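Here's the structure we're looking at; comments come further down.
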């Protein structure tokens, strides 16, 4: 029996990393961009049900919830090659669409304001599971939405699903570059406290190290966000391999 995992993608960074993760999983499991199975993938001994569930029309749909306080990144996902993959009911964009302005407190309080909507989405997704194992959270600790709203969701999950595992893929800011976000250290410290208290496992995705790997190992002189996110999605897929096969 598969032990299902629900993936929450929060903020700009979380959704960009998350969309690359689903592309990688689809490639590994032989699932096309529209969610249908490739012919060669029907005989596999893999456990697709851990991260996907099958709809009535045989389409595989990710157990993913996409959350952001501004529409830009989620709109770009909805206009990309994987636009038909996700369940549209599992996409949340704040009504005013103003974002959190790189402010942890703004992200946290806006998360509190839409608590009922978030819980409805999480509960609905949990009901689709036969035996829920836990949650993964993709977010950045330095911005506003990923850190503030991500912190609120961590508290929400540990309160409501106390016995379920919570693993996070947390992107840490690049130490070698000066950031234009002045409050980045404050956002990071406030988020780290919630990670310490509520997460069972935290995978640290250090932007400084990722840049160094891309330059020194992959010989890419100026790595783009897409290339770095592809590197992250490989790490995420590798760390979940034992759950899926």
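Numbering (our numbering), first residue to last: 53 to 297. Beta carbons: idealized from backbone N, C-alpha and C, even for Gly. Since the structure is predicted, the reported quantities are computational estimates derived from the model, not experimental observations.
Item                                                                                                                                       : Value
Quick one, which of 187, 119 and 141 has its alpha-carbon nearest residue 163's?                                                           : 119
Mark residue 246 as exposed unless 16 or more other C-beta atoms lie within 10 angstroms of its C-beta, in which case mark it buried.      : buried
Measuring alpha carbon to alpha carbon, tell me which of 223, 149 and 60 ends up nearest residue 139.                                      : 60
Can you pull the DSSP bridge partners for residue 160?                                                                                     : In the DSSP output, where bridge partners are listed per residue, residue 160 has none listed.
What residue range does the alpha helix (DSSP H) around residue 221 cover?                                                                 : Not the alpha helix (DSSP H): residue 221 falls in the beta strand (DSSP E), residues 217-224.
Rounding to the nearest angstrom, what Cα-Cα distance links residue 115 and residue 89 in this structure?                                  : 16 angstroms
First and last residue of the alpha helix (DSSP H) that includes residue 270?                                                              : First-last for residue 270: undefined, no H or E at that position.
Determine the burial state of residue 286: buried for a count of at least 16 other Cβ atoms within 10 Å of its Cβ, exposed for fewer.      : exposed
In this structure, how does DSSP classify residue 149 when only helix, strand and coil are distinguished?                                  : coil
What number of angstroms, rounded off, separates the C-alpha of residue 147 from the C-alpha of residue 169?                               : 12 angstroms
Buried or exposed, going by whether 16 or more other CB atoms sit within 10 Å of the CB of residue 200?                                    : buried
Would you mind stating whether residue 239 and residue 193 have Cβ atoms separated by less than 9 angstroms?                               : yes
Any chance the segment 149-163 sits against the segment 94-109, with 3 or more Cβ pairs inside 8 angstroms?                                : no
According to DSSP, residue 56 sits in a beta bridge with which residue or residues?                                                        : 184
For residue 237, report the span of its alpha helix (DSSP H) as first-last.                                                                : 236-250
Can you tell me whether residue 93 is helix, strand or coil according to DSSP?                                                             : helix
Which term fits residue 160, buried or exposed, when burial requires 16 or more other beta carbons within 10 angstroms of its beta carbon? : buried
Per the DSSP calculation, residue 191 is bridged to which residue(s)?                                                                      : 222
Could you check which residue in 223, 184 and 102 has the C-alpha nearest to that of residue 260?                                          : 223
Return yes when the Cβ of residue 185 is within less than 9 angstroms of the Cβ of residue 56, no when it is not.                          : yes
Can you name the start and end residues of the beta strand (DSSP E) that residue 104 belongs to?                                           : 104-106
Using only CA atoms, which one of 121, 157 and 133 lies nearest to residue 143?                                                            : 121
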